[in-house]
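Each residue of the sequence shown is one higher than the last, beginning at 1 in the UniProt record's numbering.
Down below is the structure, laid out as structure tokens.
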Amino acid sequence: MTQFLQSLKWENENLLILDQTMLPHKIVYRKYFHYKQVVMAIQKLIVRGAPAIGVAASYGMVLAVKSFLKEGLSGEVLKKALKEAAACFINARPTAVNLSWSVNQMLELCLVIPEKQMYKKTLEYAVHMQQQDQSICKKIAMHGAGLFVNKKNLHILTHCNTGALATSGVGTALGIITELFNRDQLNCVYIDETRPILQGSRLTASELIAANIPCKLICDNMAALVMKSKEIDAIIVGADRIAKNGDTANKIGTYALAIAASYHRIPFYVAAPFSTFDFNISSGDYIIIEERSDDEIKKIGTEWIAPAEISTFNPAFDITPYHLITAIITESGVIYHPNIETVTTYENALIKK
Ligand code: MRU
Numbered sequence: 001m002t003q004f005l006q007s008l009k010w011e012n013e014n015l016l017i018l019d020q021t022m023l024p025h026k027i028v029y030r031k032y033f034h035y036k037q038v039v040m041a042i043q044k045l046i047v048r049g050a051p052a053i054g055v056a057a058s059y060g061m062v063l064a065v066k067s068f069l070k071e072g073l074s075g076e077v078l079k080k081a082l083k084e085a086a087a088c089f090i091n092a093r094p095t096a097v098n099l100s101w102s103v104n105q106m107l108e109l110c111l112v113i114p115e116k117q118m119y120k121k122t123l124e125y126a127v128h129m130q131q132q133d134q135s136i137c138k139k140i141a142m143h144g145a146g147l148f149v150n151k152k153n154l155h156i157l158t159h160c161n162t163g164a165l166a167t168s169g170v171g172t173a174l175g176i177i178t179e180l181f182n183r184d185q186l187n188c189v190y191i192d193e194t195r196p197i198l199q200g201s202r203l204t205a206s207e208l209i210a211a212n213i214p215c216k217l218i219c220d221n222m223a224a225l226v227m228k229s230k231e232i233d234a235i236i237v238g239a240d241r242i243a244k245n246g247d248t249a250n251k252i253g254t255y256a257l258a259i260a261a262s263y264h265r266i267p268f269y270v271a272a273p274f275s276t277f278d279f280n281i282s283s284g285d286y287i288i289i290e291e292r293s294d295d296e297i298k299k300i301g302t303e304w305i306a307p308a309e310i311s312t313f314n315p316a317f318d319i320t321p322y323h324l325i326t327a328i329i330t331e332s333g334v335i336y337h338p339n340i341e342t343v344t345t346y347e348n349a350l351i352k353k
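And the structure:
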């Protein structure tokens, strides 16, 4: 599959971000030349998906370096400004750990290299992170597809958007699904529309249609029925943060899917890169769940679909407990039955590499 639309590009010393809030109606790349604009773009979901916001923030740090040097900042003042910029990115969306993972690497680099080389070196590193994400997606796709060897005619259900728009490559869960299609093993992908802001219907549906992958769109509340009546072979989703015991934060609605999958004895897979693991927290209890504005529930686009005065509860993510997850598919292989032991074994193997 040729990559759908690129979520972001570095061009002529500026960052271009595809405005995902305008999809599928309009394809608009917005130009960013100051880091604070990139922070806003992340908060407003102009760029979204854990790996993509990590890469966007890396380029955002390059823009911070560029403007601080232009303003003549140096020494301790420069370091302080860079630390503040990093904190703005990390706080932009609290649940996805990929943000702090990438921003902290950029900051560490800034703190050890001479100011004269800072712009060049940080830009090189941001490009490296984008390319690395691309190759990680490919590896996840291979490992994931490997779970379905000798199986044909597969029916897969997915949630939210985990494709090219959410990453720098073919995607995580959607990368696996695409690989199964390329291997001629796929019959149909059922896409949850993913309320409230419809990443499934606006983004995943567009990506699958563009790739000619057979798919059907369903409302989120149809998923249990589809599991029962459509012989779903597996559910594959992405992740925003995975705790040391395997508890996984992902788009709101994932937890309900995992419960329904367990009831129907359907394998439930999470696909995620190393950068989505947070080995510093022992369980999902420590994951901060981002709460977003009530407009996302009360409106679709600019159309009101509820009384203006109703109050709402709008958590953007939920936590799926490890025991409901059949396996976590990473770029280094598959963690079967994720729990504190199996995830720690994975962490130790990575440290040794
Ligand atoms: O709020 P979003 O659209 O950024 O949420 C995205 C998800 O929950 C994805 O499943 C996750 O980030 C993985 S993307 C490869």
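Backbone N, C-alpha and C fix where the C-beta goes; we use that ideal spot for every residue, glycine too.
Predicted model only: the values in this text are computed from it and were never measured.
Could you please give me the residues that DSSP links to residue i through a beta bridge?
i, result
"TYR336", "ALA327"
"VAL189", "ILE156, CYS215"
"ALA234", "ILE156"
"TYR269", "ILE236, ALA327"
"GLU11", "ASN14"
"PRO315", "GLU291"
"ARG30", "ILE17"
"THR320", "THR248"
Determine the DSSP secondary structure at residue i, reduced to helix, strand or coil.
i, result
"GLU303", "strand"
"ILE288", "coil"
"PHE274", "helix"
"THR345", "helix"
"ALA19", "At residue 19 the sequence reads Asp, which differs from the Ala that was named. In the structure shown, ASP19 sits in coil (DSSP, three-state: anything other than H, G, I, E or B)."
"MET1", "For MET1, the predicted structure reports a pLDDT of 41, less than 50, and the residue's modelled location is therefore unreliable. A value from the coordinates is still provided. Three-state result, MET1: coil."
"ASN161", "coil"
"ARG202", "helix"
"residue 363", "The shown model of the chain, from 1 to 353, leaves out residue 363, and the question about it has no answer."
"THR194", "coil"
"ILE242", "strand"
"LYS251", "strand"
"THR178", "helix"
"THR122", "helix"
"ASN150", "coil"
"PHE89", "helix"
"HIS264", "coil"
Just to confirm my understanding: we take residue i, look at its own chain, exclude 5 residues before and 5 after, and list those with CB closer than 7 Å. What are they?
i, result
"ASP133", "PRO51, VAL55, THR167, SER168, GLY169"
"ILE101", "Correcting the residue identity first, residue 101 is Trp in this sequence and not Ile. Excluding residues within five positions, the ones whose Cβ falls inside 7 Å are GLY54, SER275."
"THR2", "Reliability of the predicted coordinates at THR2 is poor, the pLDDT of 48 falling under 50, and no value is obtained from them."
"ASP19", "VAL28, ARG30, ILE46"
"LEU23", "ARG202, LEU203, SER206"
Quick test of your reading: residue i and residue j, contact by CB under 8 Å. State the CB separation rounded to the nearest angstrom.
i, j, result
"ILE191", "TYR269", "ILE191 to TYR269, Cβ: 16 Å. No contact."
"PHE279", "GLU331", "Incorrect: roughly 16 Å between the Cβ atoms, too far for contact."
"THR95", "ALA271", "About 17 Å separates the two Cβ atoms, so there is no contact after all."
"TYR29", "LEU16", "4 Å"
"ILE140", "GLY175", "6 Å"
"ILE213", "PHE181", "5 Å"
"LYS251", "CYS110", "Wrong, their Cβ atoms sit about 32 Å apart, outside the cutoff."
"ASN187", "HIS155", "6 Å"
"LEU8", "ILE27", "Their Cβ separation, rounded to whole angstroms, is 13 Å, which puts LEU8 and ILE27 out of contact at 8 Å."
"GLY284", "ILE319", "4 Å"
"ALA260", "ALA234", "Incorrect: roughly 13 Å between the Cβ atoms, too far for contact."
"GLU179", "ALA126", "Contact doesn't hold; Cβ gap of about 27 Å is too wide."
"LEU203", "LEU165", "5 Å"
"LEU82", "ALA64", "6 Å"
"ALA243", "TYR286", "7 Å"
Apart from the five residues just before and just after residue i, which ones in its own chain have a Cβ nearer than 6 Å to its Cβ?
i, result
"TYR322", "ASN245, GLY246, ASP247, PRO338, ASN339"
"ALA306", "LYS298"
"ALA239", "THR248, ASN250, VAL270, ALA272, THR276"
"ALA92", "VAL39, ILE42, GLN43"
"SER58", "SER102, MET106, ALA126, MET129"
Any heavy atom of the ligand MRU closer than 7 Å to the Cβ of residue i?
i, result
"THR158", "no"
"ILE132", "Reading the sequence as shown, one finds Gln at residue 132 and not Ile. No, the Cβ of GLN132 stays beyond 7 Å of every heavy atom of the ligand MRU."
"ALA96", "yes"
"GLY60", "no"
"VAL28", "no"
"PRO196", "no"
"residue 369", "Any answer about residue 369 is impossible in this case: the structure gives the chain only from 1 up to 353."
"THR21", "no"
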